[in-house]
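>
Residue numbers (the numbering used here), protein chains in the order written: chain H, 24 to 404; chain B, 28 to 324.
This is the structure:
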């Protein structure tokens with residue numbers, strides 16, 4: 024008898040909970056999912072984007088008269104966990120839209136889930152072309168790797184006068200492999216020498232010892248090393264390369280722009296050059312100014328990273344699409360997102376092409392005296 | 028492959044191998060005395076690196092004071108883990124303690140994530156350890172010389188402790204039979220605590236060296252070194268301290284040489300360690316130095 028009473032009480036409790044959460048879900052808030060790595064190897068990058076998203080949420084807390092609530096889901100820098108986190112946002116939290124993720128592999132892991140759940144998703148800094156390819160619900164506010172790879176190949180060829188390049192890539196990371204391929208292809212085209220990539224060496228995410236790969240690369244005597252990958256591994260690669268006595272310039276991609284890259288690499292990463300999205304020295308729009316002022320106010324005058332600006336942009340772009348759609352209907356929001364043209368974001372004007380990618384300038388930065396310094400801006404063709 | 032290139036690879040391999048050896052000793056020692064594979068060893072190793080991070084970077088204590096402090100703190104952590112997670116299970120079947128060890132491992136990983144954050148942190152690298160020496164065209168980090176020396180110093184101190192002191196005799200007695208040792212007036216709990224303390228301090232030494240060689244630390248950093256050093260201990264014959272050192276070197280040099288001679292297989296470097304484990308378990312389960320001991324209990 025006691026048992027049945029208990030069971031009834033328990034089920035009633037559960038039921039009321041379910042009903043309550045249902046109502047809470049449909050009431051006056053609009054939920055936006057934040058799908059980012061908050062722990063694990065990519066956490067440093069994820070945190071930077073989340074900073075931008077939270078700042079944007081503070082400046083623009085409402086849309087259509089409703090409060091916007093951020094639901095942060097940690098994808099733990101892991102492809103399997105990423106799929107689970109995305110499914111949670113789509114099925115359990117029933118968010119209106121999703122922002123994320125830092126890391127193209129993690130974004131791709133969510134691709135099918137947001138497509139099936141028909142949730143418009145805006146990536147901030149995931150640059151691999153496959154993220155949005157064939158996925159009508161995935162957008163991004165950054166350029167893609169074919170462009171970024173060309174920019175760095177051009178830099179190596181014309182600025183560094185390199186004739187031979189070596190590639191060290193994080194082989195388990197779609198971003199790094201993609202970017203390395205685009206770099207290699209366009210470097211070969213520029214040098215008109217199919218053998219100008221003298222070595223391609225691989226490592227796995229989470230590796231800490233690169234001495235063997237670097238020794239192999241060193242024996243080929245390249246003029247430049249292109250080493251796209253996660254910032255922690257990349258900092259260790261550069262640091263170990265310098266300790267082995269490799270003196271040639273080492274260049275990479277947008278993932279390097281984190282404080283952790285500098286902290287871990289210390290003096291060894293001095294002179295490292297990479298491409299990224301935005302430089303605080305060159306604010307582009309009115310929104311850039313607003314973003315910079317607010318960020319500096321909140322962070323003791325420190326300057327934001329490029330991906331922080333992109334996280335911010337992803338949020339305000341979604342809000343704008345909701346406003347234009349005039350409703351929280353996900354499909355309508357998606358349609359409005361696809362029509363984005365010359366939208367003034369913090370990191371420049373956003374125009375989405377037919378593959379839902381932003382067409383934007385790239386910025387080249389270098390590490391000087393323990394800081395990221397602006398070098399150059401490259402226009403897309 | 029030129030001779031110089033080979034020597035550079037070899038020095039890389041020895042450097043990595045002696046690190047593995049150092050950590051494997053701690054593994055094998057606990058197993059030798061308790062017949063327990065302490066799966067939390069890798070996580071105790073991780074905690075040690077965080078202690079050093081807090082000591083040197085946050086509280087700005089010079090490394091020559093904080094590093095010994097790290098050893099003491101980590102030894103205390105090991106003793107605490109033993110007293111809370113293993114001692115209550117002393118009379119339970121071995122498998123329960125093993126599961127408890129896995130539990131401790133998860134606990135420490137998640138505790139570290141909550142306390143220190145999931146973002147990797149830089150590790151302090153005192154100049155005297157990390158500067159480079161050039162011999163011919165081979166450049167070697169000073170640490171590469173220190174690690175084998177430190178490994179050997181600890182190896183011999185351990186031998187002295189185990190075979191030349193009363194405490195060591197008690198440890199050996201406990202490893203044979205808890206009950207009889209107790210009857211003979213040995214304080215079994217004290218001896219086991221001591222074993223854990225020493226094993227954890229060895230993990231801390233390994234952690235400090237590892238951190239200086241690969242200067243970034245994260246809550247999950249202990250998993251792979253923990254597994255690799257477990258493999259090293261098994262290759263050498265688990266429970267045998269010499270074996271752990273040999274196993275460590277085989278694994279370290281093997282991993283580097285795979286990349287050196289077969290660059291296309293670089294991505295399979297970790298797989299190499301596990302394949303080696305499978306082969307050893309199939310053909311020589313007692314490991315290279317392991318004697319056949321009839322399993323008690």
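Every residue gets a Cβ at the ideal spot worked out from N, C-alpha and C, and that includes glycine.
So, is the C-beta of residue 252 of chain H closer than 8 Å to a C-beta in chain B?
Taking Cβ atoms only, chain B never reaches closer than 8 Å to residue 252 of chain H, which makes this a no.
> Please report the straight-line C-alpha distance between residue 133 of chain H and residue 106 of chain H, rounded to a whole angstrom.
When rounded, the distance between both Cα atoms is 5 Å.
> Just verifying my parser: in three-state terms, what is the DSSP assignment at residue 51 of chain H?
Three-state DSSP puts residue 51 of chain H in coil, outside helix and strand.
> Would you list the one or two residues that DSSP bridges to residue 407 of chain H?
No information on residue 407 of chain H is available, as it lies outside the stretch 24 to 404 that chain H covers here.
> I'd like the span of the alpha helix (DSSP H) that includes residue 365 of chain H, first residue to last.
Element bounds for residue 365 of chain H: n/a, residue is neither H nor E.
> Could you tell me the distance, in whole angstroms, from the CA atom of residue 208 of chain B to the CA atom of residue 96 of chain B?
Straight-line Cα distance between these residues: approximately 32 Å.
> Roughly how many angstroms lie between the CA atoms of residue 53 of chain H and residue 124 of chain H, to the nearest whole one?
Spanning the two alpha carbons is a distance of roughly 20 Å.
> Should residue 260 of chain B and residue 274 of chain B be called a contact, given that it needs their Cβ atoms to be closer than 8 Å?
Yes, the pair counts as a contact, with Cβ atoms nearer than the cut-off.
> Any heavy atom of the ligand GDP within a distance shorter than 7 Å of the CB on residue 213 of chain H?
The ligand GDP is not part of the structure shown, which contains no ligands of any sort.
> Check whether the Cβ atoms of residue 278 of chain B and residue 255 of chain B lie closer than 8 Å to each other.
Going by C-beta atoms, residue 278 of chain B is nearer than 8 Å to residue 255 of chain B.
> Please report the distance separating the alpha-carbon of residue 148 of chain H from that of residue 196 of chain H.
Approximately 15 Å between the Cα atoms of the pair.
> On the three-state DSSP scale, how would you describe residue 272 of chain H?
Coil at residue 272 of chain H, not helix or strand.
> Identify, in the order they occur along the chain, each residue of the same chain with its Cβ nearer than 6 Å to the Cβ of residue 373 of chain B, setting aside the five sequence neighbours on each side.
With chain B covering only 28 through 324, there is no way to say anything about residue 373 of chain B.
> How many Å lie between residue 392 of chain H and residue 68 of chain H at the Cα?
Cα to Cα, residue 392 of chain H sits roughly 22 Å from residue 68 of chain H.
> With 7 Å as the C-beta to C-beta threshold (strictly closer), list the residues of the segment 116 to 150 of chain H near chain B in chain order.
Correct list: empty, as no residue qualifies.
> Around the C-beta of residue 111 of chain B, are 16 or more other C-beta atoms found within 10 angstroms, so that it is buried, or is it exposed?
Classification of residue 111 of chain B: exposed, given that the 10 Å Cβ count is below 16.
> Mind listing the chain H neighbours of residue 159 of chain B? Cutoff is C-beta to C-beta under 7 Å, in chain order.
Near residue 159 of chain B (Cβ distances below 7 Å), the residues of chain H are 266.
> With a threshold of 16 other CB atoms inside 10 Å of the CB of residue 282 of chain B, please say whether the residue is buried or exposed.
Residue 282 of chain B is buried by the Cβ-count criterion.
> Does residue 351 of chain B come within less than 8 Å of chain H when only Cβ atoms are used?
This structure gives no information on residue 351 of chain B, because the portion of chain B shown stretches from 28 to 324.
> For residue 184 of chain B, return the contacting residues in chain H, with the cut-off set at a CB-CB distance below 9 Å.
Those do not exist, as residue 184 of chain B stays about 27 Å from chain H at its closest Cβ, beyond 9 Å.
> Do residue 230 of chain B and residue 71 of chain B count as a contact pair if the criterion is CB distance below 8 Å?
Going by C-beta atoms, residue 71 of chain B is nearer than 8 Å to residue 230 of chain B.
> I'd like to confirm the pairing. Which residues does DSSP put opposite residue 144 of chain H in its beta bridges?
Paired residues: H:121, H:161.
> Report back the beta-carbon spacing between residue 170 of chain B and residue 236 of chain B to the nearest angstrom; my notes put them in contact at under 8 Å.
Their Cβ separation, rounded to whole angstroms, is 7 Å, which keeps residue 170 of chain B and residue 236 of chain B in contact under 8 Å.
> Given a threshold of 16 other Cβ atoms within 10 Å of its Cβ, counted over all protein chains shown, does residue 45 of chain B qualify as buried or as exposed?
When all chains shown are included, residue 45 of chain B counts as buried.
> Mark residue 221 of chain B as exposed unless 16 or more other C-beta atoms lie within 10 angstroms of its C-beta, in which case mark it buried.
Buried, by the Cβ-count rule.
> Do we get a CB-CB distance below 8 Å when we pair residue 314 of chain B with the residues of chain H?
No, because no Cβ of chain H sits closer than 8 Å to the Cβ of residue 314 of chain B.
> Output the distance between the C-alpha atoms of residue 206 of chain H and residue 59 of chain B, rounded to the nearest integer angstrom.
Computed Cα separation, rounded: 53 Å.
> State the DSSP-derived secondary structure class of residue 182 of chain H, mapped to helix, strand or coil.
Reduced to three states, the DSSP call for residue 182 of chain H is helix.
> Taking all protein chains shown into account, decide if residue 136 of chain B is buried (16 or more other Cβ within 10 angstroms of its Cβ) or exposed.
Residue 136 of chain B is buried by the Cβ-count criterion.
> Give the residues from the segment 138 to 158 of chain B that approach chain H closer than 7 Å (Cβ to any Cβ), ordered along the chain.
So the close ones are 140, 145, 146, 147, 149.
> Would you decide whether residue 29 of chain B is buried or exposed? Buried here means 16 or more other CB atoms lie within 10 Å of its CB.
Exposed, since its Cβ has fewer than 16 Cβ neighbours within 10 Å.
> Determine the DSSP secondary structure at residue 226 of chain H, reduced to helix, strand or coil.
It is a strand residue.
> Looking at the unbroken alpha helix (DSSP H) that takes in residue 57 of chain B, where does it start and where does it end?
Looking at the DSSP string, the run of the alpha helix (DSSP H) that includes residue 57 of chain B is 30 to 61.
> Are there 16 or more other CB atoms within 10 angstroms of the CB of residue 47 of chain B, so buried, or fewer, so exposed?
Buried: at least 16 other Cβ atoms inside 10 Å.
> Taking the alpha carbon of residue 108 of chain B as the reference point, which residue from B:164, B:227, B:317 has its own alpha carbon closest?
Of the listed residues, the one whose Cα sits closest to residue 108 of chain B is B:227.
> Measuring only the C-alpha atoms, how far is residue 271 of chain B from residue 250 of chain B?
Taking the straight line joining both Cα atoms gives about 18 Å.
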